[in-house]
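A short worksheet on the structure shown next.
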Amino acid sequence: MYTDNQMESFQGGNTDYKIKKRHCGFSLLEMAIVLVVIGLLLGGALTPLSVQMEKRDRDSTRQQLLDMREALIGYALVNGRLPCPDTDGDGVMDIATTCASSEGDYPWVDLGVGKHDAWGQPFTYRVTASFADTNDGTGCTASPSAGLSFSLCSQGDITVLDADGGSFVATSIPAIVVSHGKNWALSSSADEAANTDADATLVDRVYSSNDTATFDDLVAWVAPNILKSKMLSAGFVFGDNN
Ligand SMILES: [Ca+2]
Ligand SMILES: [Ca+2]
Ligand SMILES: [Ca+2]
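If you read the sequence shown in my numbering, its first letter stands for residue 2, the second for the next number, and so on.
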């Protein structure tokens, strides 16, 4: 026989046990809720992280483009002409007397920069052929300087628009470099397609990930007046510099 106190003790013990058991059940439920909340938080945190990574990649590619443009001008200062594109993927420009093609990859071996962008893709490079051939001048002056592929009067043939069929951003450009961005070349976007159709009209505009208006390309070009100004400063004498 148990005393009343002993019975109370047992009952109290059972009650504690039940409470503990019930508490364990709540803990599992709580854990499930916590896991769901953590999942939601991680899901929310991962999106900005991917955005941050793309921003980092775009910043580094933008810096590469600035270096590559500088290298193009440096090449012209040394050689009296712009480099031709690489058309067979070895990083070496392809030229006989004239460029094998006006458009190809940036000749990263010859220029020592620009093998690929932050997404591991080659840069597209387009040049006005008469600025890169080994023929003196471009026909706009009767007295081109020996060893200079272009003259002060030479005009580039590349046009940059702010959208496909849009307004002019720059005209008479001798050379341009394009990174096609994280998505490479999205054929459903007319503005992106304009930068891969191998003609002399390209697009440079603000970033957008919005459906058919998607545009993530990064573009840099050699401004003709800066190129000629730097060559004049370096002591080059153009045949039409009278
Ligand atoms: Ca080549
Ligand atoms: Ca020329
Ligand atoms: Ca693109």
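Ideal placement from N, C-alpha and C gives every residue a C-beta, glycine not left out.
Just so we're clear, the structure is a prediction, and the values are computed from it rather than from any experiment.
In this chain, the beta strand (DSSP E) harbouring Ser180 covers Ala176 to Ser180. Annotation: the continuous alpha helix (DSSP H) that includes Trp109 extends over Trp109 to Leu112. When rounded, the separation of the alpha-carbon atoms in Leu203 and Val128 is 12 Å. Across the structure, Gln156 and Gly40 are spaced so that their CA atoms are roughly 58 Å apart.
Note on geometry: alpha-carbon atoms of Leu219 and Met32 lie some 46 Å from one another. The criterion of a C-beta distance shorter than 8 Å is satisfied by Gly240 and Ser146. In the structure shown, the three-state DSSP call for Ala171 is strand.
Placement of the Cβ of Asp200 at a distance of 7 Å or more from every heavy atom of ligand 3 is found.
In chain order, Phe132 and Thr139 place their CB closer than 6 Å to the CB of Phe151, counting only its own chain and leaving out the 5 sequence neighbours on each side. In this structure, the C-beta of His181 approaches ligand 3 to less than 7 Å from one of its heavy atoms. Set against 7 Å, the gap from the CB of Asp91 to the closest heavy atom of ligand 1 is smaller. In this structure, Ala130 lies away from Ser61, with their beta-carbon atoms at least 8 Å apart. Boundaries of the beta strand (DSSP E) around Ala221: Leu219 to Val223. Scanning Thr215, Gly182 and Ile227 for the CA closest to the CA of Phe124 turns up Gly182. When distances are taken from the beta-carbon of Asp106 to the heavy atoms of ligand 3, even the shortest one reaches 7 Å or more.
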